[in-house]
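Each residue of the sequence shown is one higher than the last, beginning at 1 in this note's numbering.
Using N, Cα and C, we set each Cβ at its ideal position, and we do this for glycine too.
Fair warning: this is a prediction, and the values are worked out from it, not measured in the lab.
Encoded as structure tokens, the structure appears first; notes follow it.
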Amino acid sequence: MTLITLFNSLTTTQVAVGVGQELQLIVGIAERLKQGGEDQWNHYVRFFDLRLMFLLTAQRVEMRTQLLRELRGVSLLSNHLDATLGLCWPDTFEVGRAGVEVDLDAEEPAELPPLSREKIERAMEILKILFNITYDANRREVDEEETASFRHLGAILRHCVMSTADGEDYTEEFHSHSLNLLGNLPLPCLDVLLLPKVQQGSIEYMGVNMDAVNMLLEYMEKRLDRVSCLGPSTTGPHKHAGQEAEGDLAAVSQPAHRECTHPQRDQEVPQDEGTVPSESIQTP
């Protein structure tokens, strides 16, 4: 059975999903993610591995829990996202792109080259799986190990929202998935958005690097402008999922991080946009 055939079966019948659970399919995919380097499998094999994992975690609570707990899914998928995007780590919570040199004396921050569509497609599948297994993370107690994993993931997500894809639509979708996942992270873990050092050309406030916060505000403004242009119907039940996480991020950052508060005073979020992320599981 090919990956495409298996995927089609899982999308059309719950019996196939149950068989996949009995066969521990998610364990096999996790093992392949651990073993497979970026050059070992072609894009389509890696993409459908991730899509299958997303589908399984979207349909079965037991498999979400298994991936999160038994298979240490946050660390596993964060590492896979790291490898997919080709990241390097100049500091503990400071992320760069491998092979891209940064001129610390430049007047403007270095502009990262756009990520290829294949990398973006795989990265978005990883983000969706992570969303599924962390959907309640900001509403429960997390231990020290989980907190470390979430902060590490938060640093990667900061890089995601500062990156672009090969095409505006891909960039917007990539940012939307990144913001959705950021909205799942426990509040204390969001401090990693502010930790990178202030560089020449960075937006700075009280000695803190505000580049990521500025990017979030610009994205929110673009989304809200689009909602205003489309009319009242877009604020109903079919509202874009990213809008919910964006409003939540703006709300939760203020009490915990005073540095974020003052720059946001002139960027008010309408009341109906300040909702918490949806608890529903995403579908492909």
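Is the segment 56 to 70 close to the segment 90 to 97, with three or more CB pairs under 8 Å? no
For Ile29, which residues in the same chain have their Cβ closer than 7 Å to its Cβ, ignoring the five residues on either side in sequence? Asp49, Leu52 and Met53
Counting C-beta neighbours from all protein chains within 10 Å, is the total for Leu187 16 or more, i.e. buried, or is it exposed? exposed
If you measure between the beta carbons of Pro196 and Ala165, is that distance less than 8 Å? no
Sequence-distant residues of the same chain with beta carbon closer than 7 Å to Glu125, five excluded per side: Phe47, Leu50, Arg51 and Phe54
Given a cut-off of 8 Å, decide if Ser149 and Val74 are closer than it, judged by their beta-carbon atoms. yes
Residue interval of the beta strand (DSSP E) (run including Cys160): From DSSP, Cys160 is part of no beta strand (DSSP E) but of the alpha helix (DSSP H) over Glu144 to Val161.
Beta carbon of Ile156 nearer than 8 Å to that of Asp82: yes
Does the Cβ of Thr164 lie closer than 7 Å to at least one heavy atom of the ligand PLP? Questions concerning the ligand PLP fall outside what the structure shown contains, since it holds no ligand whatsoever.
C-beta contact flag for Gly154 and Leu112 at 8 Å: no
What are the start and end residues of the alpha helix (DSSP H) that includes Arg122? Arg117 to Thr134
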